[in-house]
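FYI, in the UniProt record's numbering the residues of the sequence shown are 1 to 521. By construction, the Cβ of each residue, glycine as well, lies at the ideal position given by its N, Cα and C atoms. A quick note: this is a predicted structure, and the numbers were derived from the prediction, not measured.
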Amino acid sequence: MTTFYWTIPPRPPSPVSSTVDVTPLLRNNHVPCDFEIPYIHDILSTGQFEVDDLNIQIGHVVVVLARLVRKRDAALENIRQHRAIISPVRRLPAELVCEIASLSVARDRRPPWCLAQICRSWRSFVLGSSVLWTDIHIPSSVRPLDRMFHTLLARSGSAPLKVCWAPRPLGSPLHQVGVDVPDAKCVRLVVAQSPRWRSLRLDFTAGIGLLRWLSRASGNLGALQICEVIDKERDETPRSPASHPLLKDSSWPRELDAALAAIFSSPSNVRNITFSNWQHASFPPDFAPNWRQLTHYSGPITRAQLGALAHAPLVCLAVRCAGPKPESIPPVLLSNLRHLCVQDTEVLLHIQAPILEVLTCQHRCHAASSLQVLAFVKASGNSLRKIVLRQSDTPGLVPVLECLSNLTHLLIEDHGNVPDAALFRALGASPLCPKLSTFVYGFRTMFDVGPILHLAKSPVRPLRHVRFFAGCNRYRSGALDRCPSNVEKEVESLRNTTSVDIAFLPFDKAMKLLQKEEFWL
1 MTTFYWTIPP RPPSPVSSTV DVTPLLRNNH VPCDFEIPYI HDILSTGQFE
51 VDDLNIQIGH VVVVLARLVR KRDAALENIR QHRAIISPVR RLPAELVCEI
101 ASLSVARDRR PPWCLAQICR SWRSFVLGSS VLWTDIHIPS SVRPLDRMFH
151 TLLARSGSAP LKVCWAPRPL GSPLHQVGVD VPDAKCVRLV VAQSPRWRSL
201 RLDFTAGIGL LRWLSRASGN LGALQICEVI DKERDETPRS PASHPLLKDS
251 SWPRELDAAL AAIFSSPSNV RNITFSNWQH ASFPPDFAPN WRQLTHYSGP
301 ITRAQLGALA HAPLVCLAVR CAGPKPESIP PVLLSNLRHL CVQDTEVLLH
351 IQAPILEVLT CQHRCHAASS LQVLAFVKAS GNSLRKIVLR QSDTPGLVPV
401 LECLSNLTHL LIEDHGNVPD AALFRALGAS PLCPKLSTFV YGFRTMFDVG
451 PILHLAKSPV RPLRHVRFFA GCNRYRSGAL DRCPSNVEKE VESLRNTTSV
501 DIAFLPFDKA MKLLQKEEFW L
């Protein structure tokens, strides 16, 4: 260990007598005497000499300390580097690395450019997995991106592609200068690969005429299985049947008919079609998918067109039915349907689904709606496991629930001003829905949650999850993100003495609950 020595110069002798005591002057405001002033100057010079000496010593210590800090940092870096050698991350198999990469890019639908720069082995794994490079976003950019697209398509190999074009919203600064037209070079590169398109997501927000490039792919879309068409600024609608948007009446633009004709003009293998946030009451007049292979459909339809669904092996259907009511509509049997979302419960009178598992009613469910739901449930069998009733009037629901012995999940957004105590009494005091484990309740006005807490404690009702949310705009600001103070102790006691999980959610979090796959599985 190195030892450092410093030589301190001797203190110069004081020419002034040291018998003078000026300490009392420090405690008052008296003027010093003439004979005291030289002594005070001597104290100042001596003190400054000591300060200078200490500064010299501190300077030497700082130099030594900086040297020690550098040695310490070098030792830590050496430890970090050698610890990385035995890190489990280095031993991850390629399959797991690719799975991590797949989960990392799933949310934003972007290729994993950054993941290919972590380390050599990860780069090798990521570049070797072609499925990670299949998300193709056709850009609207003033920058030349054709070289990037060459690289992207090369890395995707022969894997099926997921193509998306969502232009910037109307009114944005870049839209004003006309950069929302697709990049011509990139379009040519992507259209050349149209035989391996697996899914296509189109956003018509910025104008249908901008999608004329789609006609170049006409006749080459035999591998296309999923088609989603968006007609509202950046739709974020979840894919679950519980939250499909409401649709408005309008007429079909000719350009849209031509654009969709490019997709379905040749023999099609499309199995999943979604018209998201659509502004029209029916699908296009020339819209002719192969209904015999369609398993998922979400969008508008007229009552006269309901018969077309009879030929489809639909598993998931989210539909808004409009148009004049025909004199008679024969019931449509959907023997494979498991998920059904309707805006108007009147549609249920024309559908039979014997193995349906999830039913969502988006529009207000009034007393007549309850009768329609009841008739549908009785006609469709006892396979329903989950029901979502938005903007519902709860009176009349008890007869519906009496038919659902296999129900496990129930969400009710109560549209009434006063909660229906009869519903909670029936759920808590009788073997109604004996398998019910998750109960989500939304309400318009603040009310006493005691009846629902009593339901959670019921010995005949082994609930595992109870959620409350405010279903009225007045309370959607987040006022329900915590337990109300008047029942806080009771809720805490319930959590400690039972296995029930209780939470109070704002409206937006309640809607996100419906987006989670585990809620629907």
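A Cβ-Cβ distance of about 5 angstroms is found for the pair residue 398 and residue 426, placing them in contact under the 8 angstroms criterion. For residue 164, the CB contacts under 6 angstroms within the same chain, skipping 5 residues up- and downstream, are 137, 201 in chain order. When the five nearest sequence neighbours on each side are left out, the beta carbons in the same chain lying within less than 6 angstroms of the beta carbon of residue 411 are those of 388, 440, in order along the chain. Taking 8 angstroms as the upper bound for CB-CB distance, residue 115 and residue 134 are not in contact here, some 15 angstroms apart. Annotation for residue 413: the continuous beta strand (DSSP E) segment containing it runs 409-414. Taking 4 residues as the minimum length, the alpha helix (DSSP H) runs contained wholly in the segment 322-392 are 367-380, in order along the chain. If you look at residue 198, you'll find it isn't in any alpha helix (DSSP H); it sits in the beta strand (DSSP E) that goes 197-203.
For the pair residue 289 and residue 268, the CB atoms are nearer than the 8 angstroms cut-off. When the beta-carbon positions are compared, residue 373 and residue 347 stay at least 8 angstroms from each other.
The distance from the Cβ of residue 217 to that of residue 199 is about 13 angstroms, inconsistent with a contact at the 8 angstroms cut-off.
Shown here, residue 428 sits in a helix according to DSSP, grouped into three states. Going by DSSP, residue 59 is part of no beta strand (DSSP E) but of the alpha helix (DSSP H) stretching over 37-85. The beta carbon of residue 408 sits closer than 7 angstroms to the beta carbons of 385, 386, 435, 436, 437, 438 from its chain, once the five residues preceding and following it are set aside; these are given in chain order. The bridge partners DSSP lists for residue 276 are 230. The Cβ atoms of residue 301 and residue 227 lie no closer than 8 angstroms to each other. Nearest to residue 371 by alpha-carbon distance, out of 357, 349, 296, is 349.
The Cβ atoms of residue 332 and residue 307 sit closer than 8 angstroms to each other.
Distance from the CA of residue 69 to the CA of residue 27, rounded to the nearest whole angstrom, comes to 45 angstroms. Judged by beta-carbon spacing, residue 424 lies within the 8 angstroms limit of residue 455, meaning their Cβ atoms are closer than that value.
Taking residue 225 as reference, the option from 203, 214, 196, 215 with the minimal CA-CA separation is 196.
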